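J.:
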Amino acid sequence: ITPKTKWLLINSPSNPTGAAYSEHELTKITNTLLKHGNVYIMTDDIYEHLIFDDFIFKTIAQVEPKLYERTLTVNGVSKAYAMTGWRIGYAAGPENLIQAMNKVQSQSTSHASSISQAAAVEALNGPQDFIADNNKVFRERRELVTTLLNQADGIECKTPQGAFYVYPSCAGLIGKKTKDGKVLENDLDVATYFLEEEGVAVVFGAAFGLSPFFRISYATSTEILVDACERIKRACSCLD
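Using this note's numbering, you'd call the opening residue of the sequence shown number 1 and step up by one each time.
#1: How about F214 and V183: do their beta carbons lie closer than 9 Å?
#2: Under the DSSP definition of a beta bridge, which residues are partnered with D44?
#3: Can you tell me which of I232, V63, A82 puts its alpha carbon nearest to the alpha carbon of A123?
#4: Quick one: does the C-beta of E185 sit closer than 8 Å to a heavy atom of the ligand HEM?
#5: Mind checking E241: buried by the 16 CB within 10 Å criterion, or exposed?
#6: Count the other CB atoms within 10 Å of the CB of D44; is the residue buried (16 or more) or exposed (fewer)?
#7: Extract the residue ranges of the alpha helix (DSSP H) inside the stretch 143 to 204, only unbroken runs of 4 or more that lie entirely within it.
#8: Would you mind stating whether P241 and A19 have Cβ atoms separated by less than 9 Å?
#9: By Cβ distance, which residues of its chain are closer than 7 Å to F164, with the 5 residues on each side in sequence left out?
#10: Exposed or buried, what is T17 when buried is set at 16 or more other beta-carbons lying within 10 Å of its beta-carbon?
#11: Using 8 Å for Cβ pairs, my map puts L149 next to V166. What's the rounded Cβ distance?
#12: Per DSSP, which one or two residues make a beta bridge with Y90?
#13: What number of angstroms, rounded off, separates the C-alpha of L195 from the C-alpha of A235?
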């Protein structure tokens, strides 16, 4: 943090890693922020309901109420309620920030459709028990994907605490050669190799600013995930 720092952005649980900040970790962050009154905080809580293993979600203004007046909390219905196409997000924060956001929104997209707004209200106010059912499925898929990927030569996959992504390390593949003699020099090369060799699309870690890793979303069927992971394992076994 420097005198030029204006915002700290927090996304927990996180895209792309699925990592989530515990209350203890957030407290350490808030203790630092209390010393820097010029810094605003934007917390992206869109994965707040997609958490596993008894993890307890906390948002930063909840952990430290003294930061309430400079915290902008953003959320939406795309993830927990599987309403991606409805295009509904929302924010809560200081009045001056919300007013500024309204000015931009009204001159760009005007507003979300009335149908989407009504659907979002029903999602937020209606029964929430299905979220636990969905999380059970996601948890099973998470275990499946991490287990299969950890069986692949050169890949190490940690178990995420939330969201529906895994972010495995492919450090063990860097420097290896394909059967055509091409050396895999970075995670973009690894992602390209998976695509060309086995038809599996992953997002390379450099796109998120952290290498050598790649991202996989397990928000798809178990059948597809098993097939994709087996293809990745096969591709890794062919490297020299």
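All residues carry an ideal CB built from backbone N, CA and C; glycine is no exception. Quick caveat, the model's predicted, so the values are computed rather than measured.
T.: On the basis of the data shown:
#1: no
#2: N11, V74
#3: A82
#4: The ligand content of the structure shown is nil, which means the ligand HEM is not present either.
#5: No answer is possible for residue 241: it lies beyond the span of the chain, which begins at 1 and ends at 240.
#6: buried
#7: 187 to 198
#8: Because the chain here runs from 1 to 240, residue 241 falls outside it and cannot be looked at.
#9: Around F164: L50, F138, S217, Y218, A219.
#10: buried
#11: 7 Å
#12: DSSP lists N75 as partners of Y90.
#13: Rounded to whole angstroms, the gap between the alpha carbons of L195 and A235 is 10 Å.
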